[in-house]
Amino acid sequence: MKILVINAGSSSLKYQLIDMETEAVLAKGLCERIGIDGHLKHTPLVEGKEVFNEDVAMPTHSEAIAAVIDKLTSPQYGVVNSMKEIDAVGHRVVHGGEKFASSVLITDDVMKAIEECIPFAPLHNPANITGIKACQAVMGKVPMVAVFDTAFHQTMPGKAYMYALPYQYYLSNGVRRYGFHGTSHRYVSSRCAELMGKPIEELKIVSCHMGNGSSLAAIDGGKCVDTSMGFTPLVGLPMGTRCGDLDAGVIQYLMNKYGYSIDEMLNILNKKSGVLGVSGVSSDFRDLDKAAAEGNERAQLALDMFHYWVAKVAGSYVAAMNGVDAIVYTAGVGENSSATRAAISKYFGYLGVKIDEEANKKRGEDIEISTPDSKVKVFVIPTNEELVIARDTRDIIA
Ligand code: ADP
105 MKILVINAGS
115 SSLKYQLIDM
125 ETEAVLAKGL
135 CERIGIDGHL
145 KHTPLVEGKE
155 VFNEDVAMPT
165 HSEAIAAVID
175 KLTSPQYGVV
185 NSMKEIDAVG
195 HRVVHGGEKF
205 ASSVLITDDV
215 MKAIEECIPF
225 APLHNPANIT
235 GIKACQAVMG
245 KVPMVAVFDT
255 AFHQTMPGKA
265 YMYALPYQYY
275 LSNGVRRYGF
285 HGTSHRYVSS
295 RCAELMGKPI
305 EELKIVSCHM
315 GNGSSLAAID
325 GGKCVDTSMG
335 FTPLVGLPMG
345 TRCGDLDAGV
355 IQYLMNKYGY
365 SIDEMLNILN
375 KKSGVLGVSG
385 VSSDFRDLDK
395 AAAEGNERAQ
405 LALDMFHYWV
415 AKVAGSYVAA
425 MNGVDAIVYT
435 AGVGENSSAT
445 RAAISKYFGY
455 LGVKIDEEAN
465 KKRGEDIEIS
475 TPDSKVKVFV
485 IPTNEELVIA
495 RDTRDIIA
């Protein structure tokens, strides 16, 4: 069985074609500048096929999907003989609200429900819907499955997901903590249980997804019981460019002081804050590491804040779960920056965490970076959201 995984953004579309017998990625790629001009980078991962990296006209997502199918089935660049070999498509959908606690087969009713979640994710869900519709237009009756970023967090109890606002805003408007990166937290926590050789039902795990956007999740017995992102992905930890937790009074104060509109204010909180805002250097942790090493104090402060926040939120999850068996680092920063992992792990001395410095230097694989006598295991696990989407799609269409 071969499954195409699609992650559609407003002007971009990422894809992978996965062979489910081996779970090997046959080809992957990225369409960019959809609606502007269009560019496709297609990378086959089987021998004898060529990379395609050229401009292709993409006035809409339909042309982008058509170009992807064309390359996947081409003798020169392709990895299958025809579209018939693609058994199903799995779509990443950002927001499933309270309607979706797991992945689902896409039907007309499901499309309506995803549309009803647009107010919760006004930038992402419309792009995801466009991607699904484009696939339906190009691929006809091939079964399609939606996998939601929010679904894994639907097991949170009310005490974790409610905001202390008048109850009517929850009841009438769905204002609550939803959380994001759920597919990633789900993947790394289940992989962590496999690596520990224990049923996930017996484990308490703190999962740290640290990339451009960052979130932590407390996973007790395989179920998410708390997570740091909220109604939107703006809150929790300070991120590349997002502010994380913030006193709402600051918003009123700055809007009054500078006459910002709410859109201008949110643009500052989403795009100009986080480690970029504090450092004035970059949102990229590689640049921050370099600047800090050269003595840039604000870069160091931004890094210190990030480490502190991860440790502080993780500590609150240890309290929430009354213990922890494993801590997992994943995503761009978590997988690649041994300095970040070391700095955060220093805060976990009270848990009896001990890091093996040599193991912590490794990259690109599942690694246990704690020492054998560490009371809590610490792992680096490269995330694989595409594989989760493909597995869910396979299970649902079966
Ligand atoms: P996204 O949230 O966009 O999916 P990623 O998980 O791909 O992000 O993470 C991207 C971030 O990972 C980059 O902005 C960069 O800060 C960080 N990163 C990548 N490689 C390294 C590295 N070697 N050292 C430190 N940070 C890194």
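Just so you know, the working numbering puts the end of the sequence shown at 502, numbered straight through with nothing missing.
The beta-carbon is built from N, C-alpha and C at its ideal position, and this holds for glycine as well.
Item	Value
Straight-line Cα distance separating V414 from M248	36 Å
C-beta atoms of N229 and I222 nearer than 7 Å	yes
V310 - containing beta strand (DSSP E), residue span	308 to 314
Local Cβ density within 10 Å of Q180, reported as buried at 16 or more and exposed below that	exposed
Residues of its chain near V480, where Cβ-Cβ distance is below 8 Å and the 5 sequence neighbours each way are ignored	V428, D429, A430, I431, F452, L455, G456, V457, S474
Under 7 Å, CB to nearest heavy atom of the ligand ADP: contacting residues	G315, N316, G317, G344, S387, D388, F389, R390, D393, A435, G436, V437, N440, S441, T444
Simplified DSSP assignment, three categories, for G436	helix
Proximity to C239 [Cα-Cα], best of S449, E462, V184, Y119	Y119
Inter-residue spacing [alpha-carbon to alpha-carbon] between S319 and S365	28 Å
contact_flag[the region 147 to 162, the region 207 to 223] where n(CB pairs < 8 Å) is 3 or more	no
Rounded Cβ spacing between L130 and L121 (contact assumed at less than 8 Å)	5 Å
G344 and N316 closer than 7 Å at C-beta	yes
Unbroken alpha helix (DSSP H) run spanning D477, endpoints	That residue, D477, is in no alpha helix (DSSP H); it is neither H nor E in DSSP.
DSSP state of K145 mapped onto helix, strand, coil	strand
Coil, strand or helix - L121 by DSSP	strand
Contact the region 319 to 333 vs the region 456 to 472: 3+ CB pairs below 8 Å	no
Nearest residue (CA-CA) to V517, options G468, A418, Y271	No answer is possible for residue 517: it lies beyond the span of the chain, which begins at 105 and ends at 502.
For D460, the three-state DSSP class (helix, strand or coil)	coil
H165 beta carbon less than 7 Å from that of T234	yes
Own chain partners of M409 with C-beta closer than 6 Å, once the 5 adjacent residues on each side are dropped	P342
Close-in-space but distant-in-sequence residues of the same chain around R281 (CB under 6 Å, 5 per side omitted)	Y265, G334
Backbone secondary structure at M300 - three-state DSSP	helix
Buried or exposed by the 16-neighbour rule on C-beta atoms within 10 Å, applied to A352	exposed
Whether A321 touches A424 by CB criterion (7 Å)	no
Residue nearest to P226 in terms of C-alpha spacing, selected from V214, V242, G201	G201
Validate contact between the region 291 to 303 and the region 482 to 493 using beta carbons, cut 8 Å, 3 pairs	yes
From V155, S115, I107, M124, residue whose alpha carbon lies closest to that of R137	S115
Cα-Cα separation, D391 to A443	13 Å
heavy atom of the ligand GTP below 6 Å from S478 C-beta	This structure does not include the ligand GTP; its bound ligands are the ligand ADP.
Strand pairing of L320, partner residues [DSSP]	C312
Coil, strand or helix - C328 by DSSP	strand
Short Cβ contact (7 Å threshold) for S387 with R402	no
Rounded Cβ spacing between A507 and L407 (contact assumed at less than 8 Å)	With the chain running from 105 to 502 in the structure shown, residue 507 is simply not present.
Presumed contact (8 Å Cβ cut-off) between F389 and V437, rounded CB distance	5 Å
Inter-residue Cα distance where the pair is K175 and T287	28 Å
Host beta strand (DSSP E) of R346 (start-end)	Premise fails: R346 is in no beta strand (DSSP E) and is neither H nor E.
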